[in-house]
Amino acid sequence: MLSKNRVSMAVLLFLVAFLVMAQGTMPESCAFTAMPFRYNYYEEQCERDVGEMVWSTMHRIVAMQHNAPAQLLRLLFHDCFIGGCDASVLLANSSKNGTVEREAIPNRTLKGFSFIDMIKDEIEEACPGVVSCSDILVLATRVASF
0 MLSKNRVSMA VLLFLVAFLV MAQGTMPESC AFTAMPFRYN YYEEQCERDV
50 GEMVWSTMHR IVAMQHNAPA QLLRLLFHDC FIGGCDASVL LANSSKNGTV
100 EREAIPNRTL KGFSFIDMIK DEIEEACPGV VSCSDILVLA TRVASF
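According to numbering that gives the first Met the number 0, the stretch in the sequence shown is residues 0 to 145, in order.
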């Protein structure tokens, strides 16, 4: 019988492989040509370094909670799996919007929402309305996995 650590590592490797393969299957119609993405967009829009803010916050989070990288990777996977990495899994249920992706049966056991909230609060304080939640989720997951 496989140990818990081996099973966890196998699941993690599967998720990473899936995400890497999924990137290559995106149709060309998904390309955003009206306003091309710029590598240094956040540098132009924010006085503070967004990457550094995410890095420092995630460093503190991982020091306190060692399973944070796995929680964020799973959160990102569930967000991207349905039809795009749009941070829809982060939306909380309200009386106005009915049932949301976060409340779907496969997503009810997701954790890590508070980590994204912590990072979002710090970034919003430095440069309000600039950095999307989907970018924060991807940046935090990338940083946490290193």
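Where is the CB? At the ideal position from N, CA and C, for every residue including glycine.
Under 8 Å Cβ to Cβ from Gly128, same chain only, skipping five residues before and after it: list those, please.
Position 129 of the sequence shown, counted from the start, is the residue given in the question as residue 128. Excluding positions up to five away in sequence, the list is empty.
Leaving out five residues on either side along the sequence, give the residues of the same chain with a beta carbon under 6 Å from the beta carbon of Tyr41.
By 1-based counting over the sequence shown, the position of residue 41 is 42. Cβ within range, chain order: Val49.
Use the C-beta contact count for Gly111: other C-beta atoms within 10 angstroms, 16 or more gives buried, fewer gives exposed.
Taking the sequence shown and counting its residues from 1, the one referred to as residue 111 is at position 112. Its Cβ being crowded by 16 or more others within 10 Å, Gly111 is buried.
Alpha carbon to alpha carbon, what distance is there between Asp120 and Glu46?
Working through the sequence shown from its first residue, we reach residue 46 at position 47. Working through the sequence shown from its first residue, we reach residue 120 at position 121. For Glu46 and Asp120, the distance between alpha carbons rounds to 16 Å.
Restricting to Cα atoms, I'd like to know which of Ile115, Glu124, Ala125, Cys126 is closest to Arg141.
As a first step, residue 141 is located in the sequence shown; it is residue number 142 there, counting from the start. Arg141 has its Cα closest to that of Ile115, out of Ile115, Glu124, Ala125, Cys126.
Whole angstroms is fine: what's the gap from Cys126's alpha carbon to Phe76's?
What you label residue 126 is simply residue 127 of the sequence shown in a count that begins at 1. What you label residue 76 is simply residue 77 of the sequence shown in a count that begins at 1. In a straight line, the C-alpha of Cys126 is about 27 Å away from that of Phe76.
Kindly indicate which three-state DSSP category Glu46 falls into: helix, strand or coil?
The residue given as residue 46 occupies position 47 in the sequence shown. Three-state DSSP puts Glu46 in coil, outside helix and strand.
Just to confirm, is the Cβ distance from Asp85 to Ser55 under 8 Å?
On the sequence shown, residue 85 is found 86 positions in, with the first residue counted as 1. On the sequence shown, residue 55 is found 56 positions in, with the first residue counted as 1. No. Outside cutoff.
Collapsed DSSP secondary structure at Thr140 in the structure displayed
What you label residue 140 is simply residue 141 of the sequence shown in a count that begins at 1. Here Thr140 sits in helix by DSSP.
Smallest Cα separation from Cys79: which of Leu136, Ser144, Ala143?
Walking along the sequence shown from the start, residue 79 turns up at place 80. Nearest of Leu136, Ser144, Ala143 to Cys79, Cα basis: Leu136.
8 Å CB neighbourhood of Ile61 in its chain, flanking five on each side removed
For this step, residue 61 is matched to residue 62 along the sequence shown. With the sequence shown as reference, residue 61 is identified as Val, and Ile is not the correct amino acid for it. Contacts found: Ala67, Pro68, Ala143.
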